[in-house]
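Shown next, in structure tokens, is the structure this report addresses.
Chains as they are written, first to last, in our numbering: chain A, 1 to 407; chain B, 408 to 814.
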């Protein structure tokens with residue numbers, strides 16, 4: 001079960017965004033698996049995408065359509081099939097999906113952005129999607145974010161949605177976000193889809209900067225299994241429907257207030273993905289301190305976060321903490337002086353001077369290990385840079401879920 | 408159970424090496440957990456060690472003693488405790504172990520090389536080791552390699568030993584090797600200890616080159632879980648007790664014949680470690696072809712080998728082969744043209760032109776997936792370099808073993 005993560009109960013409408021869903025029977029019957037988000041004229045959209053060289057067909061098409069900049073009017077998302085590793089046919093299928101929705105909405109196909117998530121290397125069932133789109137369009141309303149969050153779930157147990165409101169220059173601004181993902185989660189995106197919308201107006205280049213900055217503070221700091229997916233995307237939509245004048249300067253207070261708020265939403269969603277990590281029973285914060293630069297902090301942090309030996313020890317609530325030292329040691333920081341660093345489990349000093357701390361008692365480690373939220377803190381003693389990552393443990397259920405995903 | 412790996416039935420004595428073991432109750436009662444290998448005067452020893460910055464105390468001491476070059480006379484190996492992450496005390500404990508054995512054998516402490524494997528960050532029980540050494544020394548005989556292989560096991564299910572004989576310049580040369588390891592297995596060594604001895608005489612610098620070359624062909628091509636251990640070592644011993652004159656030229660036929668034979672022993676032992684990988688049910692060969700250089704072949708090969716999603720799919724015998732494409736895509740080869748590569752499962756062409764091959768049928772993939780030995784072949788179409796790696800799948804039992812290791 002997800003670690004300290006409850007189903008969302010509230011997600012505020014964002015003026016300028018309507019959402020509709022359908023059960024298109026893409027992989028299973030009677031399950032919401034198709035989502036349409038229609039945007040008002042003039043809405044701006046920016047995004048960051050997977051760096052996987054085998055990126056999915058919809059990622060390629062979405063990037064193309066964003067670059068053509070005819071004004072994006074809708075996003076269409078299906079689950080059950082990733083349309084990845086599908087070659088030329090996959091591109092045709094992603095375009096056919098856009099064609100079908102454009103016909104229904106009366107816009108051009110390149111004003112539609114397509115997204116897919118699910119099994120890789122199987123053909124997208126375009127006919128099922130096209131057949132499902134009219135129902136999704138028919139039920140489009142503004143107050144539909146919770147249904148939308150459910151419609152994009154795959155192996156997620158809990159839907160992920162959150163809203164936040166901030167006052168910018170005296171205007172109340174709403175930000176609502178949804179996300180899905182629980183396996184194949186890695187820095188630089190994951191089998192992760194995230195959609196955040198605000199009624200603030202933000203100029204296009206600034207919007208791109210904002211979504212990149214927010215991703216670096218959130219989705220690029222999580223990992224479940226180290227697999228970087230073919231389909232990841234985080235999209236930020238600014239409808240401009242609020243009374244706030246369009247934000248167009250990166251050094252403005254308005255920009256920074258909005259960036260912080262958008263980042264907060266993104267961090268909640270990113271952490272929610274880890275809390276709902278496949279088979280997760282523990283949520284682990286890895287706080288790196290005293291590094292020379294962010295690169296070495298992340299190198300060591302991810303070595304810890306990706307170690308199956310560390311992750312299974314946390315699953316077992318076993319303070320076999322030498323495994324963390326081993327991961328620090330093989331992270332690839334060549335000149336690391338292991339006798340200068342300190343390892344803490346929450347507030348318990350575990351290791352220093354190259355070995356177990358004199359004050360460390362097994363029962364203290366055991367006590368922290370019983371918690372469902374745990375912080376591993378590594379003080380490197382080399383510099384002043386800090387970085388925080390989030391991950392989860394590795395359980396029987398991870399294997400079970402991923403050994404039976406297609407069946 | 409180990410994948411197509413039987414317990415060894417024969418391991419030939421090597422003139423100049425005597426082996427003795429004891430049950431020293433280091434972690435458990437009544438289990439062989441202490442091994443002494445005594446070498447004849449004049450025997451040469453070389454080795455390669457873990458690159459982990461948190462390398463264990465015995466690794467530091469063994470390197471020191473090798474560098475002092477007073478002529479190594481014995482190796483001492485304990486299981487049940489790795490003496491890693493133990494700081495200054497750990498160094499004292501490793502030296503005390505050498506002192507104790509030197510007293511029994513009548514040599515200097517720096518003529519002893521110590522090795523430990525087991526739990527990290529717990530103090531080495533030196534008193535138990537010292538108490539066990541007399542029994543080990545008392546039962547030293549040349550024909551004791553199978554007992555030695557058992558004495559170094561930790562989570563290994565099957566002991567690993569092999570012998571090979573080759574004729575060099577008309578002289579029959581014997582090579583016998585043993586190894587242990589099944590978790591924390593990664594390129595650049597693992598929780599892996601390997602000892603190979605030959606009665607050939609090989610000059611010291613050449614012996615170092617030979618053990619490095621053999622490691623690069625064998626132990627540096629395997630991975631179970633991507634964790635690089637604190638304690639890994641592969642040692643090569645040349646006693647010079649055969650009638651063959653000392654080999655002292657790297658371009659000699661004798662050197663190359665011996666290198667090939669030693670490599671063959673090392674490859675068998677390395678593969679045996681993977682076949683006995685923690686929880687392994689399948690042995691997977693990853694054959695990379697058509698790369699520009701070895702670095703990119705290994706980058707992609709290890710991305711596949713380390714992907715938990717790929718490994719769990721193999722455990723399930725599920726040809727969810729898109730996960731392999733995803734791993735290839737995120738391996739970090741920036742300019743990789745995914746439409747130019749081909750993916751085979753044994754002889755079955757699975758993917759080409761950026762997607763599923765037209766000829767691929769699910770039942771063909773399913774058929775290969777039922778096997779216990781499977782080859783993933785990736786033809787990159789970029790150059791002429793090939794590399795082969797070996798790994799195993801990822802099962803419930805991996806989690807079980809590693810969640811309960813200390814209990």
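Glycine included, each C-beta is placed from N, C-alpha and C at the ideal position.
Residue-chain proximity (residue i, chain B), Cβ-Cβ < 9 Å
{"i": "residue 389 (chain A)", "result": "no"}
{"i": "residue 351 (chain A)", "result": "yes"}
{"i": "residue 287 (chain A)", "result": "no"}
{"i": "residue 320 (chain A)", "result": "yes"}
{"i": "residue 331 (chain A)", "result": "yes"}
{"i": "residue 359 (chain A)", "result": "no"}
{"i": "residue 363 (chain A)", "result": "no"}
{"i": "residue 308 (chain A)", "result": "yes"}
{"i": "residue 223 (chain A)", "result": "no"}
{"i": "residue 377 (chain A)", "result": "no"}
Cβ pair residue i, residue j closer than 9 Å
{"i": "residue 1 (chain A)", "j": "residue 237 (chain A)", "result": "no"}
{"i": "residue 67 (chain A)", "j": "residue 208 (chain A)", "result": "no"}
{"i": "residue 638 (chain B)", "j": "residue 532 (chain B)", "result": "no"}
{"i": "residue 434 (chain B)", "j": "residue 525 (chain B)", "result": "yes"}
{"i": "residue 755 (chain B)", "j": "residue 775 (chain B)", "result": "yes"}
{"i": "residue 303 (chain A)", "j": "residue 219 (chain A)", "result": "no"}
{"i": "residue 272 (chain A)", "j": "residue 142 (chain A)", "result": "no"}
{"i": "residue 521 (chain B)", "j": "residue 484 (chain B)", "result": "yes"}
{"i": "residue 440 (chain B)", "j": "residue 487 (chain B)", "result": "yes"}
{"i": "residue 584 (chain B)", "j": "residue 672 (chain B)", "result": "yes"}
{"i": "residue 617 (chain B)", "j": "residue 665 (chain B)", "result": "yes"}
{"i": "residue 161 (chain A)", "j": "residue 192 (chain A)", "result": "no"}
{"i": "residue 222 (chain A)", "j": "residue 391 (chain A)", "result": "yes"}
{"i": "residue 107 (chain A)", "j": "residue 61 (chain A)", "result": "no"}
{"i": "residue 376 (chain A)", "j": "residue 312 (chain A)", "result": "no"}
{"i": "residue 602 (chain B)", "j": "residue 51 (chain A)", "result": "no"}
{"i": "residue 90 (chain A)", "j": "residue 56 (chain A)", "result": "yes"}
{"i": "residue 470 (chain B)", "j": "residue 611 (chain B)", "result": "no"}
{"i": "residue 149 (chain A)", "j": "residue 11 (chain A)", "result": "yes"}
Proximal residues of chain A, C-beta to C-beta of residue i below 7 Å
{"i": "residue 415 (chain B)", "result": "Per Cβ cutoff of 7 Å: no residues; residue 415 (chain B) is ~27 Å from chain A at best."}
{"i": "residue 353 (chain B)", "result": "Residue 353 (chain B) lies beyond the residue range present for chain B, which begins at 408 and ends at 814; the question has no answer from this structure."}
{"i": "residue 730 (chain B)", "result": "120"}
Residues near residue i in its chain [Cβ-Cβ closer than 6 Å; skip 5 each side]
{"i": "residue 342 (chain A)", "result": "352 and 379"}
{"i": "residue 92 (chain A)", "result": "none"}
{"i": "residue 420 (chain B)", "result": "549 and 550"}
{"i": "residue 132 (chain A)", "result": "22, 24 and 34"}
{"i": "residue 654 (chain B)", "result": "609, 661 and 662"}
{"i": "residue 793 (chain B)", "result": "696"}
{"i": "residue 699 (chain B)", "result": "789 and 790"}
{"i": "residue 214 (chain A)", "result": "262, 263 and 266"}
{"i": "residue 319 (chain A)", "result": "365, 366 and 369"}
Under 9 Å by beta carbon: chain A residues contacting residue i
{"i": "residue 722 (chain B)", "result": "399, 402 and 403"}
Proximal residues to residue i (C-beta, below 7 Å), its chain only, five neighbours per side dropped
{"i": "residue 327 (chain A)", "result": "303, 304, 307 and 310"}
{"i": "residue 517 (chain B)", "result": "472, 475 and 477"}
{"i": "residue 447 (chain B)", "result": "423, 646 and 648"}
Contact list for residue i against chain B, beta-carbon separation under 7 Å
{"i": "residue 154 (chain A)", "result": "The premise fails here: residue 154 (chain A) is roughly 13 Å from chain B at the closest Cβ pair, so nothing lies under 7 Å."}
{"i": "residue 312 (chain A)", "result": "806, 809 and 810"}
Chain A contact for residue i (CB, 9 Å cutoff)
{"i": "residue 410 (chain B)", "result": "no"}
{"i": "residue 612 (chain B)", "result": "no"}
{"i": "residue 699 (chain B)", "result": "no"}
{"i": "residue 788 (chain B)", "result": "no"}
{"i": "residue 741 (chain B)", "result": "yes"}
{"i": "residue 746 (chain B)", "result": "yes"}
Proximal residues of chain A, C-beta to C-beta of residue i below 8 Å
{"i": "residue 608 (chain B)", "result": "The contacting residues do not exist; residue 608 (chain B) stays about 36 Å from chain A at best."}
Close-in-space but distant-in-sequence residues of the same chain around residue i (CB under 8 Å, 5 per side omitted)
{"i": "residue 574 (chain B)", "result": "580"}
{"i": "residue 252 (chain A)", "result": "none"}
{"i": "residue 325 (chain A)", "result": "338, 343 and 351"}
Proximal chain B residues relative to residue i, where beta-carbon distance stays under 8 Å
{"i": "residue 355 (chain A)", "result": "492, 493, 494, 495, 496, 497 and 528"}
Positions along the region 460-494 of chain B whose CB lies within less than 8 Å of some CB in chain A: 460, 461, 462, 489, 491, 492, 493 and 494
Against chain B: residues of the region 102-127 of chain A by CB proximity under 9 Å: 119, 120, 121, 122 and 123
Chain A contacts from the region 496-509 of chain B (Cβ-Cβ distance under 8 Å): 496 and 497
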